[in-house]
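Going by the numbering used here, the sequence shown wraps up at 240, each residue one higher than the last.
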Amino acid sequence: MLTLITGAGGALGSAVARLLVGRGQRVALVERRPSLATLGAELGAAAVSAYVSDSSSAEFARALAECEAAAGEPVSCAALVAGGWAGGVLVHEGAHELADMLDLNTLSVHAALAGLLPGMVARGAGAVVIVGSRNVERPWSGKGSAAYTASKAAAVAFAQAAAAEVLSSGVRVNSVLISTMDTEANREGMPDADPTRWVSTESAAGVVAFLLSEEARDISGASVPVYGRA
11 MLTLITGAGG ALGSAVARLL VGRGQRVALV ERRPSLATLG AELGAAAVSA YVSDSSSAEF
71 ARALAECEAA AGEPVSCAAL VAGGWAGGVL VHEGAHELAD MLDLNTLSVH AALAGLLPGM
131 VARGAGAVVI VGSRNVERPW SGKGSAAYTA SKAAAVAFAQ AAAAEVLSSG VRVNSVLIST
191 MDTEANREGM PDADPTRWVS TESAAGVVAF LLSEEARDIS GASVPVYGRA
């Protein structure tokens, strides 16, 4: 079984990749950043990889074809982790802040779903997990990052709509709503916060892996909260 992971070079994406490979699965790593090379070397023969230059459907389709050709099998599951965060008070934001967040967090999900679902539906099986944010369920907690919150809400809406559209085909689509994750970047950005209350990347990866697994075969269209104690 081949699981594709977007944003594989980041903290959560790499945690998902390591967890799945540790369980004997093969992974297809997709990323914009050159850090992917280090992860690919670490995972060895269990991983194939491809770079994308933007969030377009054409770029994702090329990366998907490249990974499937290298692996010699189609993608069975996918964790759509790619995204980004930027803060900013709404009344001072320009159109480019929203455009940037939509590109990273929403258009990337749309491109991946458009590229993955037709093949999964044709094969009658597949599972996709989209990484959302707690802000989707509690938008007031996104004070100071309205564009990010809106872009993640749109991504989760894609997940729920897609889940309904492919339900009868045997393909499942779910999302996870994660609060603050315990990453090096978050520790540096919030030095006065208590990281023991945050969600570890390993914990979040475990939830993603469960939703992709056969044990979650009766779960689709769900938005699973992963809040830790934050």
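We treat Cβ as the ideally placed atom computed from N, Cα and C, and that holds for glycine.
Limits of the unbroken alpha helix (DSSP H) element including residue i
i: Leu127; result: Ser118 to Arg133
i: Leu46; result: Leu46 to Leu53
i: Ala105; result: Ala105 to Met111
i: Val217; result: Thr211 to Leu222
Cut-off 8 Å between Cβ atoms - residues of its own chain near residue i, not counting five sequence neighbours on either side
i: Glu69; result: Val62, Ser63 and Ala121
i: Gly154; result: Gly97, Gly98 and Val99
i: Ser213; result: Val236 and Gly238
i: Glu147; result: Leu187, Ser233 and Pro235
Distance, residue j Cα to residue i Cα
i: Val209; j: Ala203; result: 13 Å
i: Gly93; j: Gly129; result: 24 Å
i: Glu224; j: Val138; result: 12 Å
i: Ala57; j: Ser86; result: 14 Å
i: Pro84; j: Ala169; result: 21 Å
i: Ala135; j: Pro201; result: 44 Å
i: Ser67; j: Leu117; result: 8 Å
i: Ser233; j: Glu52; result: 32 Å
i: Gly231; j: Arg182; result: 7 Å
i: Pro205; j: Ile229; result: 30 Å
i: Leu114; j: Ser65; result: 7 Å
i: Ala73; j: Gly125; result: 10 Å
i: Leu12; j: Glu198; result: 34 Å
i: Ala47; j: Ala55; result: 13 Å
i: Met111; j: Pro149; result: 15 Å
i: Gly19; j: Ser45; result: 6 Å
i: Leu127; j: Gly50; result: 25 Å
i: Ala21; j: Ala160; result: 22 Å
i: Ala318; j: Arg36; result: A query on residue 318 cannot be resolved here, the shown segment of the chain reaching from 11 to 240 and no further.
i: Asn196; j: Tyr158; result: 16 Å
Opening and closing residue of the beta strand (DSSP E) in which residue i lies
i: Arg36; result: Arg36 to Glu41
i: Gly22; result: Correcting the residue type first, residue 22 is Leu in the shown sequence and not Gly. It is not in any beta strand (DSSP E) - Leu22 instead sits in the alpha helix (DSSP H) that spans Ala21 to Gly32.
i: Leu14; result: Leu12 to Thr16
i: Ser233; result: Ser233 to Val236
Close-in-space but distant-in-sequence residues of the same chain around residue i (CB under 7 Å, 5 per side omitted)
i: Ser151; result: Arg144 and Asn145
i: Glu175; result: none
i: Val218; result: Val26, Ala89, Val139 and Val186
i: Ala71; result: Gly125
i: Ala215; result: Leu22, Ala25, Val26 and Leu29
i: Lys162; result: Asn115, Gly142, Ser143, Asn145 and Val146
Cβ neighbours of residue i in the same chain (closer than 6 Å, five flanking residues each side left out)
i: Leu90; result: Thr16, Val119, Ala122 and Ile140
i: Ala226; result: Phe220
i: Leu14; result: Ala38, Val85 and Ala88
i: Glu76; result: Ala60
i: Thr133; result: Strictly speaking, residue 133 in this sequence is Arg, with Thr absent from that position. Cβ neighbours of Arg133 beyond the five flanking positions: none.
i: Asp192; result: Pro205, Trp208 and Ser210
i: Ala173; result: Val183, Ser230 and Gly231
Fill in: Complete runs of the alpha helix (DSSP H) confined to the segment 126-207 [at least 4 residues]
144-147, 156-176 and 194-199
Item to complete: Please confirm if the segment 77-87 is in contact with the segment 102-112, defined as three or more CB-CB distances below 8 Å between the two stretches.
Response: no
Practice prompt. Return the chain-ordered ranges of every beta strand (DSSP E) run that is complete within the segment 53-99 and spans a minimum of 3 residues.
Written response: List check, beta strand (DSSP E) in window: 57-61 and 85-90.
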